[in-house]
Each structure stands twice: as structure tokens, then as C-alpha cells.
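One structure below.
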Amino acid sequence: MAETSIEWTDATWNPVAGCTVLTAGCTNCYAMRMAARLEAMGQEKYRGLTRKSGGRAKWTGRITLDWKALDIPARWSRPRFVFVNSMSDLFHTDVPADFIAAVWKTMEATPQHTYQILTKRPDRMAEILTSSAFKVLPNVWLGTSVEDSRVLSRLDDLRLVPAAVRFASFEPLIGSVRGANLNDIHWAIVGGESGPQARPMDSEWVHEIERMCRAHGTAFFFKQWGGRNKKAAGRELNGRTYDEMPGEAQISC
Numbered sequence: 032m033a034e035t036s037i038e039w040t041d042a043t044w045n046p047v048a049g050c051t052v053l054t055a056g057c058t059n060c061y062a063m064r065m066a067a068r069l070e071a072m073g074q075e076k077y078r079g080l081t082r083k084s085g086g087r088a089k090w091t092g093r094i095t096l097d098w099k100a101l102d103i104p105a106r107w108s109r110p111r112f113v114f115v116n117s118m119s120d121l122f123h124t125d126v127p128a129d130f131i132a133a134v135w136k137t138m139e140a141t142p143q144h145t146y147q148i149l150t151k152r153p154d155r156m157a158e159i160l161t162s163s164a165f166k167v168l169p170n171v172w173l174g175t176s177v178e179d180s181r182v183l184s185r186l187d188d189l190r191l192v193p194a195a196v197r198f199a200s201f202e203p204l205i206g207s208v209r210g211a212n213l214n215d216i217h218w219a220i221v222g223g224e225s226g227p228q229a230r231p232m233d234s235e236w237v238h239e240i241e242r243m244c245r246a247h248g249t250a251f252f253f254k255q256w257g258g259r260n261k262k263a264a265g266r267e268l269n270g271r272t273y274d275e276m277p278g279e280a281q282i283s284c
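First residue of the sequence shown: 32, per the numbering used here; consecutive thereafter.
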């Protein structure tokens, strides 16, 4: 477990490490840089997950399954919001369904925690979780990343997933998502890209999402403006911060 500075969670838990560049939102993934750094520090779990390309770390496509990490949440007595696999994607095609089932058992056995799972592959998430082998867990929130209008179909795939809470992460927001359907999406996180190669985020794209959230009754969380110096840019919108979280949701199957 790692305490984290991510504004919408308390801790990260990484039973899987490594990923594959999939769409434009992956181009400057912070986890690629972090994995390269952790490998340089001698952490075996991250060995061979990245390579240097154009002077930057890029995923090799290799995936590490960390079975030893599965018992970590049981050691935490204090309830936490837990971002699952900040260094990977639990529903990557190379993560077997039996390992996902093992992660599910851990989350079911630790109901004191609220788990937040984010994927860029909600089609596979829906395929796996609609199986009778998986039950809807009230302490597990399921989400997908949507960086621009080219991947809006991910929201349709997410709606097929049985979940207590569904959420969308519009981060890094690199284009307008005007017209996104937020029906049955309980929470929206919005954030600009950060880091040395950060692409700009137009304020109107943020306002579009905020208006859609109001129209659909979706909780709105504005994470950051991003940029090369995200701390300097801050996270205020309309002169205030937005830290809305989803309320008690009915389980929809």
C-alpha cells in the first residue's frame, strides 16, 4: 500500500503492474515514468515493464501479477478509499480472470475499505463481471477513463457493468466530450494532464462536463488544471474547489 497525493482517494494498491499504450490518453502516462523510476530503485516488481523511447519511458507490454500483494488490504484496520492498480489496468487483456477473481475475494473480505477501480477497457470489464462468478460488491466502485470524444463509447460499455457505483475519469482531458451520456454514471472526475509533456486543457471542456453532471445528477470532482506545474495551476474552478463524491447508490444489476 502507498499513501497518495491523488485528491480523490486515500491510498493505492497495486496487485498488478505494467500496461500497454492503448489510446491518446496513454501517451504521457505518469505510471510509465514511475515504473521506470521504481525499477531504477531496484524494485523487482517493475523490472522490464518499460523501455526508453525518444528519451522517455514507454510500456513494453509486460504485465506483473503480484500475488503477495493480495493480502495487503487485510492489514489495514482504518477504513480507506483505495485506488486499485494505479500502476496498471486490472482489466488488461493479459490479466487472467482467475487473478481478477482473487482481487475480488480480497475486496469482499475487507468491506471496511472502498475500492475504486479505473480501466480503459470497460468492454472487458463488462464481459468478465457479468459472469455469475462475480457478485456486485457495495464497497467497489467501477470506472473508466475518457480523454476525448473518440472514446465516448467506453461510457456505454461501463453502463453494462453491474456495479454499486459507476464513475468516469475525464483525465487527462485532451479534448471536448460534449454530448457524453452520463446516465447511470454516479461520479465524474475531471483533470488536465500534468508533467513535462502536458497537453493543454480548454476551460470550456471542463464547463461542459460540469453542466452535464448537473443535468444527470452526477457528482462532480474537479481534480486539477494540470500543466508542467500542476501545483501552481491549482484546482479551483469558478473561484472554488469541487470535491463532490457519489452518495449512497442503489445496486443496479
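Ideal Cβ placement from N, Cα and C applies to all residues, glycine included. As the structure is a prediction and not an experimental result, all values here were calculated from the model.
Exercise. Three or more C-beta pairs closer than 8 Å, one from the region 192-202 and one from the region 158-174: is that the case here?
Worked result: yes
Problem set entry | the region 79-93 / the region 163-183 touching (three or more Cβ pairs under 8 Å) | No: the two stretches stay apart, fewer than three of their Cβ pairs being nearer than 8 Å.
Exercise. Where does Gln147 land, buried or exposed, given buried means 16+ other C-beta within 10 angstroms?
Worked result: Position 116 of the sequence shown holds residue 147. Gln147 comes out buried.
For this session: Would you mind stating whether Asp188 and Ala157 have Cβ atoms separated by less than 8 Å?
Result: To locate residue 188, count along the sequence shown from 1; it is residue 157. To locate residue 157, count along the sequence shown from 1; it is residue 126. Their beta carbons are under 8 Å apart, which means Asp188 touches Ala157 by this criterion.
For this session: In angstroms with no decimal places, state the Cα-to-Cα distance between Gly49 and Glu275.
Result: In the sequence shown, residue 49 corresponds to position 18, counting from 1. In the sequence shown, residue 275 corresponds to position 244, counting from 1. C-alpha separation (whole angstroms): 30 Å.
Problem set entry | Classification of Arg266 by the beta-carbon crowding that lies within 10 angstroms, buried from 16 upward | Start at 1 with the first residue of the sequence shown, and residue 266 comes out as number 235. By the 10 Å Cβ count, Arg266 comes out buried.
Problem set entry | Collapsed DSSP secondary structure at Ser200 in the structure displayed | What you label residue 200 is simply residue 169 of the sequence shown in a count that begins at 1. In the three-state DSSP reduction, Ser200 falls in the strand class (E or B).
For this session: Under the assumption that Ile205 contacts Glu224 (Cβ atoms under 8 Å), give the Cβ distance between them as a whole number of angstroms.
Result: For the purposes of this step, residue 205 is taken as residue 174 along the sequence shown, with counting starting at 1. For the purposes of this step, residue 224 is taken as residue 193 along the sequence shown, with counting starting at 1. Yes, they are in contact, since the Cβ atoms of Ile205 and Glu224 sit about 7 Å apart, within 8 Å.
Exercise. Just the Cα atoms here: how many angstroms apart are Pro153 and Asp129?
Worked result: Mapped onto the sequence shown, residue 153 falls at position 122. Mapped onto the sequence shown, residue 129 falls at position 98. If I take the Cα positions, the gap works out to 18 Å.
Exercise. How would you call Thr124, buried or exposed, if buried means at least 16 neighbouring beta carbons within 10 angstroms?
Worked result: The residue labelled residue 124 in the question sits at position 93 within the sequence shown. With fewer than 16 other Cβ atoms within 10 Å, it is exposed.
Exercise. By Cβ distance, which residues of its chain are closer than 8 Å to His144, with the 5 residues on each side in sequence left out?
Worked result: In the sequence shown, counting from the first residue as 1, residue 144 sits at position 113. If we look at His144 and ignore the five residues flanking it on each side, its Cβ neighbours are Pro104, Trp107, Pro110, Arg111, Phe112, Val113, Met138, Asn170.
Exercise. Which partner residues does Phe252 have in the DSSP bridge list?
Worked result: For the purposes of this step, residue 252 is taken as residue 221 along the sequence shown, with counting starting at 1. Looking at the DSSP assignment, Phe252 forms a beta bridge with Ile220, Asp274.
For this session: Return the bridge partner residues of Val237 from the DSSP annotation.
Result: Along the sequence shown, one-based indexing puts residue 237 at 206. Its beta-bridge partners do not exist; DSSP assigns none.
Problem set entry | Reduced DSSP secondary structure (H/G/I, E/B, other) of Ala48 | Counting from 1 along the sequence shown, the entry for residue 48 is found at position 17. Three-state DSSP puts Ala48 in a strand.
Problem set entry | Ser207 and Ser184 closer than 8 Å at C-beta | The count along the sequence shown starts at 1 and reaches residue 207 at position 176. The count along the sequence shown starts at 1 and reaches residue 184 at position 153. It is not a contact, given that the beta carbons lie outside the stated cut-off.
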